[in-house]
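Worksheet for the structure shown next.
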Amino acid sequence: MMSMKFVIANWKMSPATEEEAVSLAEKIDAENVVIASPFVFISAVGRVLKKAILGAQDVFWGGVGAHTGEISIGMLKNFNVRYVIVGHSEKRALGETDETINQKINAILENGLIPILCIGERAREIGVEGQELKKGKEFVRQQLEAALNGINFLHLPARDNGESQLIVAYEPVWAISTNSGGTSDTPENAAEMIVFIKEVLRLYLGLVTPKVLYGGSVNSNNAKGFLSRSEIDGVLVGGASLKAEEFNKIVKEASVTEN
Ligand code: PGA
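FYI, in my numbering the residues of the sequence shown are 2 to 260.
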């Protein structure tokens with residue numbers, strides 16, 4: 002059976018203009034691709050997508066009200082946004098807390114959209130020699146439990162189209178953004194961490210079929226290593242999602258044959 006893994010394009014604060022955003026979206030529009038556009042381009046990008054699904058990079062957790070500068074889930078739904086990234090390490094670095102992340106996830110789930118929860122650690126980078134993976138696991142387990150505190154997936158309405166209720170992206174902080182010195186994880190270690198994350202999601206949080214992706218300096222050269230691992234359900238791509246040719250090569254690698 003042919004099955005595609007997920008490839009999520011996180012454009013971050015790019016491109017610079019709506020024209021470029023639309024042109025890029027048209028070039029990378031494909032099945033099983035999610036495009037997380039900056040808010041200001043969501044409407045224009047949504048109009049040209051035929052196959053890819055629209056995502057956002059953040060959302061405010063509250064409903065209606067006086068919240069200067071915020072974007073509500075209702076607004077995103079208006080533009081057919083389906084996925085929302087939450088807890089990216091770049092947002093956490095600017096002060097986003099576990100509590101806010103938890104509130105956002107609750108709100109996204111309540112509104113029937115799908116959170117892409119980013120978790121990552123520095124613990125493996127600064128861990129004791131030989132103990133890095135163990136330290137990393139302890140850290141991501143705490144992050145997961147804090148982000149998903151009080152959420153019972155068994156009580157959420159099942160999705161009838163086989164969609165996952167939640168996507169988790171394991172993005173080790175030190176692996177993010179080649180341009181700022183990040184180096185990708187090895188597929189072996191990423192797979193080990195992802196297996197662990199799935200265990201936590203199943204055992205402690207009751208998520209029956211967790212989908213967990215890898216993110217951090219994925220490009221067309223290393224994508225195959227991650228995407229060919231059965232434990233890894235796809236990749237979250239930052240920098241390389243801004244170059245259509247490069248991104249499309251990654252999407253091609255995501256088409257795998259399953260028994
Ligand atoms: P990168 O970004 O692919 O540029 O490392 C990934 C991410 O931060 O989501």
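Glycine included, every Cβ here is placed at the ideal spot set by N, Cα and C.
First and last residue of the uninterrupted alpha helix (DSSP H) at residue i
i    : result
A17  : A17 -> no alpha helix (DSSP H), and no H or E assigned at all.
I251 : A245 to E254
A108 : D99 to E111
A57  : Run containing A57: none in the alpha helix (DSSP H); it sits in the beta strand (DSSP E), I54 to A57.
K78  : I74 to N79
L202 : P188 to L204
V141 : E133 to A148
L237 : Counting along the chain, L237 falls outside any alpha helix (DSSP H), though it belongs to the beta strand (DSSP E) covering G235 to V238.
Residue i classed as buried or exposed, judged by whether at least 16 other C-beta atoms fall within 10 angstroms
i    : result
V87  : buried
H89  : buried
M14  : exposed
V46  : buried
M3   : Confidence at M3 is low in this model, with a pLDDT of 46, below 50, so its placement is unreliable and no value can be given for it.
S185 : buried
E32  : exposed
V196 : exposed
Y205 : exposed
G217 : buried
N266 : The question about residue 266 has no answer, for the chain in this structure spans 2 to 260.
L95  : exposed
Q144 : buried
A67  : exposed
Cβ-heavy atom distance, residue i to the ligand FMN, below 6 Å
i    : result
V219 : In the structure shown, the ligand FMN is absent; the only ligands present are the ligand PGA.
Distance cut-off 6 Å: residue i Cβ against heavy atoms of the ligand PGA
i    : result
A238 : In the sequence on display, residue 238 carries Val and not Ala. True, at least one ligand heavy atom lies under 6 Å from that Cβ.
N222 : no
E11  : One point to set straight first is that residue 11 is Asn, not Glu, in the sequence displayed. Checking every heavy atom of the ligand PGA against the Cβ of N11, one is found closer than 6 Å.
G182 : no
G216 : yes
S24  : no
I177 : yes
Beta-carbon gap between residue i and residue j smaller than 7 Å
i    : j    : result
P116 : L167 : yes
V236 : V219 : yes
V49  : E27  : yes
A255 : L25  : no
F80  : S38  : no
E247 : S221 : yes
G240 : E172 : no
V8   : I177 : no
K51  : D30  : yes
A57  : V34  : no
F154 : L214 : no
A10  : S242 : yes
V169 : L114 : no
A108 : I152 : no
K225 : P211 : no
I36  : A53  : yes
V174 : R123 : yes
Where the beta strand (DSSP E) through residue i begins and ends
i    : result
S38  : V34 to S38
L95  : Element bounds for L95: n/a, residue is neither H nor E.
K212 : K212 to G216
A170 : I168 to Y171
L50  : Looking at the DSSP string, L50 is not in any beta strand (DSSP E), and its letter there is neither H nor E.
L114 : First-last for L114: undefined, no H or E at that position.
I87  : For the sequence presented, residue 87 should be read as Val rather than Ile. Segment Y84 to V87, the beta strand (DSSP E) holding V87.
Would you call the segment 57-74 and the segment 101-111 touching, i.e. three or more CB-CB distances under 8 Å?
At 8 Å Cβ cutoff, the stretches touch.
Contact between the segment 136-156 and the segment 231-247: three or more CB pairs below 8 Å?
By the Cβ rule, the segment 136-156 does not count as touching the segment 231-247, because fewer than three pairs are nearer than 8 Å.
Meets three-Cβ-pair contact criterion under 8 Å: the segment 180-197 and the segment 144-153
By the Cβ criterion, the segment 180-197 is not in contact with the segment 144-153, since fewer than three pairs of Cβ atoms, one from each stretch, lie closer than 8 Å.
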